[in-house]
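Numbering (our numbering), first residue to last: 32 to 501. The next block holds one structure in the form of structure tokens; read it before the comments.
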Ligand code: URA
């Protein structure tokens, strides 16, 4: 057997644009996991990968090695084919997981959803759920299995034992300007999904001014990489490209988003939220064989939202993850006032007026989210506390005519609002002298794996492009 190349040799190889072999990638990841690689060496390799890229085979090898760096979850044989999850690259007002996981459970899936916290201006599912008194995001693999047996879904944080190499690499990417690398993002996301032992995965790859990917082309490149590698890891994988220039739904902020997710779970709520929940869920139901095609999957998922079964699963999940039963029941079945009573309200609720009349062109997600983050919806550094009751409700929508003095934003906060923050918020309301052109659809495109069997005519509904194997 050839002698193992040293880490500096591997770094030099990638630096000079050469391809790394699978055993070389495994050796790098072993060094990361066992602590024998120095931080400087890991940072140098990350930068070499960021600048030189990796082909599909290298990315697959990296994802596999990272998945193999820790423990894999184990599930009963009877759940084969039914284990599903969804991952979003991060957005503003994105409460999809809160409605999607229980809706999928109500349709017969097993959903061991592993979610993250908000970082930067984007929100995190775990922060939203922790706005509910008693909710515990930390569950051992054994507890997850027990919850899936009883309820069908759980939403938890990443355990220490799952893909530990990713924790080291992700932390260093953050401080070495190497976050935005498609192979590194692909391997990071999919290593955790592979360790979850999923049957099917759907990815919501967002693009636009408030997203990780600035353009649809860059989102497609990432989605194709994710789908290509995901399929080769044995996971039926699909991705939806969705626009993230405006917030999803009308509410931004942790407890406000829980309230809006509950509306969706009752069959109501904002149409764009329901559209995304049913689109992602429809793909998963099709991929795990519980629906004959995407339209049938969407319809089945919509029924679970309309007939109360998804809400029932959500209430059961809350109970199983530490929320006292009477609290969970009041939250899920109470009036809006009773729900607000459970979650509490920020000390200051004020409405911002329109300064000059006109037609709403859009409400820009990024400036809104940045101010809200400073007010406490998100954190500046990992580990900071968030203020669950801080947030905002949009009172206007694109295409609407507004007059000076009318309220356009209801802001929930807990301290003084600086003049700069107020000005920045007003800057999020984009007005024009005439109605805006019809907005492009939020869901722009679907990316399916090359192995995906063609569905019945008309499936999928969205334009599809196959992973190209890079
Ligand atoms: N989410 C992850 O888990 N990893 C990334 O690299 C980006 C988003």
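Even glycine gets a Cβ: it sits at the ideal position worked out from N, Cα and C. Computed from a predicted structure; not experimentally measured.
For ligand 1, is there any heavy atom lying closer than 6 Å to the beta carbon of residue i?
{"i": "residue 220", "result": "yes"}
{"i": "residue 216", "result": "yes"}
Have a look at the options and flag the residue whose alpha-carbon is nearest the alpha-carbon of residue i.
{"i": "residue 233", "options": "292, 127 and 330", "result": "127"}
{"i": "residue 94", "options": "68, 393, 246 and 261", "result": "261"}
{"i": "residue 475", "options": "130, 351 and 303", "result": "303"}
{"i": "residue 189", "options": "247, 164, 118 and 410", "result": "118"}
{"i": "residue 75", "options": "110, 299, 47 and 115", "result": "47"}
{"i": "residue 176", "options": "36, 106, 388 and 374", "result": "106"}
{"i": "residue 434", "options": "191, 111, 462 and 458", "result": "462"}
{"i": "residue 186", "options": "243, 43, 350 and 424", "result": "350"}
{"i": "residue 59", "options": "35, 205 and 266", "result": "35"}
{"i": "residue 370", "options": "162, 81 and 155", "result": "162"}
{"i": "residue 147", "options": "472, 414 and 465", "result": "414"}
Please state whether DSSP places residue i in a helix, a strand or coil.
{"i": "residue 170", "result": "coil"}
{"i": "residue 216", "result": "helix"}
{"i": "residue 248", "result": "helix"}
{"i": "residue 202", "result": "helix"}
{"i": "residue 36", "result": "coil"}
{"i": "residue 325", "result": "helix"}
{"i": "residue 226", "result": "helix"}
{"i": "residue 106", "result": "coil"}
{"i": "residue 481", "result": "coil"}
{"i": "residue 130", "result": "helix"}
{"i": "residue 64", "result": "helix"}
{"i": "residue 140", "result": "coil"}
{"i": "residue 496", "result": "Residue placement at residue 496 is poorly supported in this model, since its pLDDT is 36, which falls under 50; the coordinates still yield a value, given next. Here residue 496 sits in strand by DSSP."}
{"i": "residue 466", "result": "coil"}
{"i": "residue 283", "result": "strand"}
{"i": "residue 398", "result": "helix"}
{"i": "residue 421", "result": "coil"}
{"i": "residue 412", "result": "coil"}
Taking residue i and residue j to be in contact with their CB atoms under 8 Å, please state how far apart those CB atoms are, rounded to whole angstroms.
{"i": "residue 363", "j": "residue 342", "result": "6 Å"}
{"i": "residue 307", "j": "residue 287", "result": "At roughly 18 Å, the Cβ-Cβ gap does not stay under 8 Å, so residue 307 and residue 287 are not in contact."}
{"i": "residue 421", "j": "residue 403", "result": "7 Å"}
{"i": "residue 168", "j": "residue 160", "result": "6 Å"}
{"i": "residue 184", "j": "residue 245", "result": "No, residue 184 and residue 245 are not in contact; Cβ-Cβ is about 33 Å, not under 8 Å."}
{"i": "residue 368", "j": "residue 203", "result": "With 8 Å as the limit, residue 368 and residue 203 do not qualify as a contact, their Cβ atoms being about 47 Å apart."}
{"i": "residue 240", "j": "residue 211", "result": "In fact, because the Cβ distance is near 15 Å, the residues do not count as touching under 8 Å."}
{"i": "residue 135", "j": "residue 315", "result": "6 Å"}
{"i": "residue 392", "j": "residue 326", "result": "That belief does not hold up - the Cβ atoms of residue 392 and residue 326 are roughly 32 Å apart, past 8 Å."}
{"i": "residue 96", "j": "residue 57", "result": "5 Å"}
If you check the beta carbons only, do residue i and residue j fall under 7 Å apart?
{"i": "residue 313", "j": "residue 332", "result": "yes"}
{"i": "residue 64", "j": "residue 218", "result": "no"}
{"i": "residue 222", "j": "residue 254", "result": "no"}
{"i": "residue 480", "j": "residue 268", "result": "yes"}
{"i": "residue 385", "j": "residue 437", "result": "yes"}
{"i": "residue 441", "j": "residue 405", "result": "no"}
{"i": "residue 122", "j": "residue 153", "result": "yes"}
{"i": "residue 229", "j": "residue 250", "result": "no"}
{"i": "residue 68", "j": "residue 38", "result": "yes"}
{"i": "residue 164", "j": "residue 85", "result": "no"}
{"i": "residue 390", "j": "residue 432", "result": "yes"}
{"i": "residue 295", "j": "residue 130", "result": "yes"}
{"i": "residue 104", "j": "residue 227", "result": "yes"}
{"i": "residue 192", "j": "residue 101", "result": "yes"}
{"i": "residue 347", "j": "residue 137", "result": "no"}
Give a yes or no on whether the minimum CB-CB distance between residue i and chain D is below 7 Å.
{"i": "residue 319", "result": "The question asks about chain D, but that chain is absent: this structure has only one protein chain."}
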